[in-house]
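*Asks:* Note that UniProt numbering has the sequence shown beginning at 1, numbered continuously upward.
Next up is a structure, given as structure tokens.
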Amino acid sequence: MPLDSAYTLRISSIPSNIKRQDYADFVRSLRIAPPALPAQKNGKSSHWNPLKWSGKKKKTDLSRIDDAELPSSLLAREAQISDENDGLEPSTTAAGLTSPPQAIDDIPNGSIEVKHASLASKHGSKLGTVSFTSKETLQQALKRHEKGKTDHGYRWKDLDLSRNFQGVTVLYEYNEGKGVEVDICAVHGLGGNAMDTWTADNGDMWLRDYLPSSEYFTKSRIMTFGYDSDLTDKKTVMTLENWAQTLLGNLNEAMPEIPVSSIRGIELSRCGLVFLATPHSGATQADWNDFVVAAAGVVAGVRQEVVSRLKAFNPKTVWDKRAFLNLDPRPPFRCFAEGRKMDIKGLGAKLVVEQDSAALDPKTPAYRIQNTDHKTICKFNRKDGPYVTINLALEEVCLELDEKLTTDTEQSLRIFGHPRFVAHAYPPHKGAWWEGSEMNEVQYRLALDTPLVGRTEEMAQLHGATNQSSEKPKLTVIKGIAGIGKTELLMRFAMSQRSHRNIFFLRARNSKSLENALADVCNSIGFDMIENPNINWERWLRSPVAERIQIFLSWLGKDFNKDSLLILDDAEVFGAASIQAALKYPAWHVVMSTRDSNLRGGKRKCRDLPLSPLTSDATALILKDTMQDLDRDVSRRFSGRDIRSLAQAVHGHPLAAQNVIPFLLRYLINVENPTKDFIRILNRGSLGEKKVFFNFKEKDRSLWDAFNSSLQLLKRQEDSENAVRLLQLLPYLRTDDDCIDSFLQITKKEPTTLFNASEDAIVLRSEYLVVSEWLNKLQDVSFYITTGPTRPKSLQIHPLVLQFAQLIASEDAQKRRIRELLKMFYELGRNDYHQIIIPHAEHCLEICIQLGTTPQDLGLPSEVELWLSNFHTLPIQPAGARSSSQRIENPFCSAGEKKSNDFIRLCEEAKECFQRLNPEDGYGQAGPVMSKCAASFKELKGLADTSGYQEFENLTPLEDAVRSFYGMASKTSIYPDLLAEMNQFRKNLGRQPDRKGVWMLELD
């Protein structure tokens, strides 16, 4: 990357008295294409005369365009192109775009999108930057400026526009340098660029567009330094030392507060450094002579004298590092390392700078920044995540510098060997601290006024776990899938503990780091926590954030805090490293909620509280609660039977239950039977219909949001590609039965010519141990859960999760997976695995019916189609009316519910079989499926006789299935004894509670 920026122009030769509005007008002249003026009578066109400041009437007066017409992202902060004489702090303003006039001649039509702009002072004159959305738009702007310079009326012809960013460029300066409290200068690495190195893909250059809006750096001067770091530039003779001298000289020029007589005017005691993936000691396993070159994208012609400085254990590098650590005073510093490998052409995925190499002090490892590689560690596209980490590091370094400057004056106030302040042992005035995210009076009143539905037992277990005394630090973990109610349970528990014990509730929201969340708590209770606050308050304010956090955590580990709770909600959002760090905190009791089913407590005494789906009754209560504010006429549309059916349909998922009734009111209230249509959508609706429900959100989150956040967590794991593929394959397998484990254990031979080894199929052909590892990754985000120490043979995957896993693929991708699986089943079925694979093959064919397709439409080989037709009892055809039996089984359902669902499914299969038969030919061909129905009914009746009819919750579909089977049995005359039994069975169902006024008629 040369000195020239690909996306940003450097604007110089700007008059020193230019005002904000004038500079904004200039940016407009680059952005807005001038109008095509009509030809004059002499046949010549009028000159383009933008922004001609005179008393005469202008044909085009762009100066009248007000600020509302500036690009929405032109100014991230007003001070970036402000009238700096006013000394005002930056303020956020944004405005929309207007329709630009037409361009002229060879300038492309339309407007040029300007991403960001800045204006600052240097050497008493002004220096600006303007960033564009692409290389092409930058070139168009340059061409527009050059063309304007040929027009005598062009106001900006004296301004120099260049892509070259050699030397120091001031990006932001408070109040023309008057009152600047801190100077920040960014220095890129080899092959970098003063602007592009720090610019994210969305065009945001965080030093210019984010940092000035940070409260701590409002009164700052922010600069970037560019030097000829092109590794292939053979003409330059500059060395590292030469670049360093140039940097110091340039800083002297840009910082008028420093004496200009010597570059030594910058005092060592006033310097601090933050290193982003900087190799301080080369690497132990990489040949830097090739590795760094490849990382920079250079092929040949490398300046060896520069690259060799980075070789592993280079003597000069070791000396540089040792000399820095021996400095007195030594500047405060922070070191960060990349958190992921970078794809390098010819080398594959590699860490460019190892964590050890990125550390300047061996005693303090470099902090890895999650999801950043060597290039993205210095580019931020939003004001959270890694940006917050670096912003916090800059603040900490500045605070350490402030502390050093005041140390001498404070020494007389301190006793030698004592800390500046410590946390005391007594609680606040109200008896106990109750601090953290959403710990406020409104939430407390809401918790008092609304009951906790369906989690009484789990709440009792949580109280019991937190009340048990122990001499060993404890960890209580609430585990469950997304949207299952972990946060609700933790919030209610925290509310119930108000005034009884110290509660510090840290919630991962908006990608906030754990350190930030702890810092918020420290800022909130710091005045009460420090000893002698009247004396130490100012010191507390000046102390680094890391020191405040350490004081708080040490205080939390004292014996008098054994009952205090540190609660982390959605802990996995903080990151795996933060979770492990939290487990090592000295706090006596840490409570977490997480989707990581594999999380263990380390050396802590650990108690797991897994959350299963709600019962049907509890789910029905949530549904009824969402109907409280409905008009009476509307609420009458939903009977008690509808509520029970809807509760069954969402399989006890609280978030889904909260969204169902509002969804029906918005989309299905005008259909004849909203409940029936909703159940149809879930069971056999199209992908588009299902996605509408999954994306629906009544409050703050949809099912799609919840499950997709787990998917993103899975994708962030290392080597997770095959785990993601396995997740997308599971919907096409029978996961609710032991047959899934038997299938995964099959020794799968190499495919024949029928089987093309696609990536998806290779996943299922992998060894059992390898697949188990991928299942383990699904457990890390609770796509797949276990409720005990061992994995059962069936997979406990929530039906809605399976539907989501199916929906994230297109319909074509789904058909492709089914085709590959059926071909695999065919081959395995010929190799003594027939009985193991039949359930999975039937399941795939059922999904075919759901998709409205047939095996013939999948392009299967003829022998595979023949094999399927020989064992499958369902019609291999795209039923015009799709079978209602295509349900995904709920692994958490009761025995009665499972047997009911099996019976309902078999009856619907039998009904479809009857519809294909000609009554004149008799119903003998229906014998096999009728036998299955009869056996299933016997199991139902046996369960009812031993456990009672309350085992059956899904009453309406069950009644319909019994009626349907009764009619078919009457026609065949095969099971005359069953007719009376079915009649009595339905009568008993009708007498169940909640069936007031309903009496069953005789079936005959």
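Backbone N, C-alpha and C define an ideal beta-carbon position, used for all residues, glycine too.
Please read all numbers here as calculations on a predicted model, not as lab measurements.
1) Sorted by chain position, which residues of the same chain lie with C-beta nearer than 8 angstroms to Gln580's C-beta, five sequence neighbours on each side aside?
2) Just checking my contact of Ser131 with Lys115 at CB under 8 angstroms: how many whole Å lie between their CB atoms?
3) Which value, in whole angstroms, describes the spacing of the CA atoms of Leu713 and Arg641?
4) So the alpha helix (DSSP H) Glu811 belongs to, where does it begin and stop?
5) For Ala200, which three-state DSSP category applies?
6) Are the stretch 515–523 and the stretch 473–485 in contact at 8 angstroms, needing three or more beta carbon pairs?
7) Starting from the Cα of Asp629, find the closest Cα among Leu611, Ile661, Phe985 and give me that residue.
8) Considering only their Cβ atoms, is the gap separating Thr133 from Ala186 smaller than 8 angstroms?
9) Leaving out five residues on either side along the sequence, give the residues of the same chain with a beta carbon under 8 angstroms from the beta carbon of residue 1008.
10) Taking one C-beta from the stretch 977–986 and one from the stretch 947–963 each time, how about it: are there three or more such pairs within less than 8 angstroms?
11) Go ahead and label Thr594 buried or exposed: buried means 16 or more other beta carbons lie within 10 angstroms of its beta carbon, across all protein chains shown.
12) Tell me the residue span of the beta strand (DSSP E) that contains Leu161.
13) On a CA-only basis, which of Pro362, Asp736, Gly852 is nearest Arg684? Give me that one, please.
14) CA-CA distance, residue 1014 and Leu845?
15) What residue from Ile838, Gly896, Asn381, Leu727 has the CA that sits closest to Arg817's CA?
16) Which residues does DSSP list as the beta-bridge partners of Ile344?
17) Quick one: give me the first and last residue of the alpha helix (DSSP H) that Pro332 is part of.
18) How big is the Cα-Cα spacing for Asp559 and Thr239?
19) State the beta-bridge partners of His589 as determined by DSSP.
20) Give the straight-line distance between the Cα atoms of Pro451 and Tyr768, rounded to the nearest whole angstrom.
21) Leaving out five residues on either side along the sequence, give the residues of the same chain with a beta carbon under 6 angstroms from the beta carbon of Phe217.
22) Buried or exposed: Asp569, going by 16 or more other Cβ atoms within 10 Å of its Cβ?
23) Whole angstroms are fine: how far does the CA of Val781 sit from the CA of Arg604?
24) Could you round the C-beta distance between Leu614 and Gln461 to whole angstroms and report it? I think they count as a contact, below 8 angstroms.
25) Go through its chain and collect everything with a Cβ distance to Ala805's Cβ below 8 angstroms, but skip five positions before and after it.
26) Is the stretch 159–178 in contact with the stretch 348–364, if contact means three or more CB pairs nearer than 8 angstroms?
27) Report all residues from its chain with a CB closer than 7 angstroms to the CB of Ser16; omit the five preceding and five following residues, and keep chain order.
28) I need the DSSP call for Pro2, collapsed to helix, strand or coil.
29) How would you label Arg322, buried or exposed, when you count the other beta carbons within 10 angstroms and need 16 or more for buried?
30) Taking contact to mean 3 or more Cβ pairs, one atom from each stretch, closer than 8 angstroms, check whether the stretch 356–373 and the stretch 187–202 are in contact.
31) If you draw a straight line from the C-alpha of Leu248 to the C-alpha of Asp183, how long is it?
32) Mapping the DSSP letters down to three states, classify Val180 as helix, strand or coil.
33) Alpha carbons only, please: which of Trp434, Arg548, Glu897, Asn523 is nearest the one belonging to Arg501?
34) DSSP state of Tyr7, grouped into three classes?
35) Once the 5 residues before and after Asp158 are set aside, which same chain residues still bring their CB inside 7 angstroms of it?
36) Between the Cα of Asp625 and those of Gln658, Arg340, Phe663, spot the shortest distance and give me the residue it belongs to.
*Replies:* According to the structure data:
1) Here the question's residue 580 lines up with position 580 in the sequence shown. Cβ within range, chain order: Gly602.
2) Locating residue 131 in the sequence shown gives position 131, counting from the first residue. Locating residue 115 in the sequence shown gives position 115, counting from the first residue. At roughly 4 angstroms, the Cβ-Cβ gap stays under 8 angstroms, so Ser131 and Lys115 are in contact.
3) Taking the sequence shown and counting its residues from 1, the one referred to as residue 713 is at position 713. Taking the sequence shown and counting its residues from 1, the one referred to as residue 641 is at position 641. Approximately 39 angstroms, taken between the alpha carbons.
4) Within the sequence shown, residue 811 is the residue found at index 811, counting from 1. Residues 811–829.
5) If you number the sequence shown from 1, residue 200 lands on position 200. Ala200 falls in the coil class under three-state DSSP.
6) no
7) By one-based count along the sequence shown, residue 629 stands at place 629. Nearest option by C-alpha distance: Ile661.
8) Within the sequence shown, residue 186 is the residue found at index 186, counting from 1. Within the sequence shown, residue 133 is the residue found at index 133, counting from 1. No; because the gap between Cβ atoms is not below 8 angstroms, this pair is not in contact.
9) What the structure shows of the chain is the stretch from 1 to 1004, and residue 1008 is not part of that stretch, so it cannot be assessed.
10) yes
11) Residue 594 sits at position 594 when you count from the first residue of the sequence shown. Result: buried.
12) Numbered from its first residue, the sequence shown carries residue 161 at position 161. Leu161 -> beta strand (DSSP E) spans 160–162.
13) The sequence position of residue 684 within the sequence shown is 684, counting from 1. The residue with the shortest Cα to Cα distance from Arg684 is Gly852.
14) Nothing about residue 1014 can be reported from this structure: the residues present for the chain run from 1 to 1004 only.
15) On the sequence shown, residue 817 is found 817 positions in, with the first residue counted as 1. Checking every option, the nearest Cα to that of Arg817 belongs to Leu727.
16) Position 344 of the sequence shown, counting from 1, holds the residue named residue 344. Per DSSP, Gly348.
17) Numbered from its first residue, the sequence shown carries residue 332 at position 332. No alpha helix (DSSP H) contains Pro332, which DSSP labels as neither H nor E.
18) As a working note, residue 559 is residue 559 in the sequence shown. As a working note, residue 239 is residue 239 in the sequence shown. Straight-line Cα distance between these residues: approximately 58 angstroms.
19) Taking the first residue of the sequence shown as position 1, residue 589 is located at position 589. According to DSSP, His589 bridges with Lys474.
20) For the purposes of this step, residue 451 is taken as residue 451 along the sequence shown, with counting starting at 1. For the purposes of this step, residue 768 is taken as residue 768 along the sequence shown, with counting starting at 1. Rounded to the nearest angstrom, the two C-alpha atoms are 45 angstroms apart.
21) Here residue 217 corresponds to residue number 217 of the sequence shown, with the count starting at 1. Around Phe217: Leu211.
22) Against the sequence shown, residue 569 aligns to sequence position 569. Buried.
23) As a working note, residue 604 is residue 604 in the sequence shown. As a working note, residue 781 is residue 781 in the sequence shown. Going by the C-alpha atoms only, they are around 22 angstroms apart.
24) The count along the sequence shown starts at 1 and reaches residue 614 at position 614. The count along the sequence shown starts at 1 and reaches residue 461 at position 461. The Cβ separation is near 16 angstroms, so there is no contact.
25) Here the question's residue 805 lines up with position 805 in the sequence shown. For Ala805, where only same-chain residues beyond five positions count, the Cβ hits under 8 angstroms are Leu727, Gln728, Leu730, Pro731, Phe783.
26) no
27) Counting from 1 along the sequence shown, the entry for residue 16 is found at position 16. Gly124, Ser125, Lys126, listed in sequence order.
28) Here residue 2 is taken as the residue at index 2 of the sequence shown, counted from 1. Three-state result, Pro2: coil.
29) Translated into positions along the sequence shown, residue 322 becomes position 322. Looking at its Cβ environment, which holds fewer than 16 other Cβ atoms inside 10 Å, Arg322 is exposed.
30) no
31) Here the question's residue 248 lines up with position 248 in the sequence shown. Here the question's residue 183 lines up with position 183 in the sequence shown. Going by the C-alpha atoms only, they are around 13 angstroms apart.
32) Position 180 of the sequence shown, counted from the first residue, corresponds to residue 180. It is coil, neither helix nor strand.
33) As a position in the sequence shown, residue 501 is number 501, starting the count at 1. Ranking the options by Cα distance to Arg501, first place goes to Trp434.
34) On the sequence shown, residue 7 is found 7 positions in, with the first residue counted as 1. DSSP places Tyr7 in coil when its eight states are reduced to three.
35) As a first step, residue 158 is located in the sequence shown; it is residue number 158 there, counting from the start. Taken in chain order, the residues that qualify are Ser13.
36) Position 625 of the sequence shown, counted from the first residue, corresponds to residue 625. Residue Gln658 is the option with its Cα nearest to Asp625.
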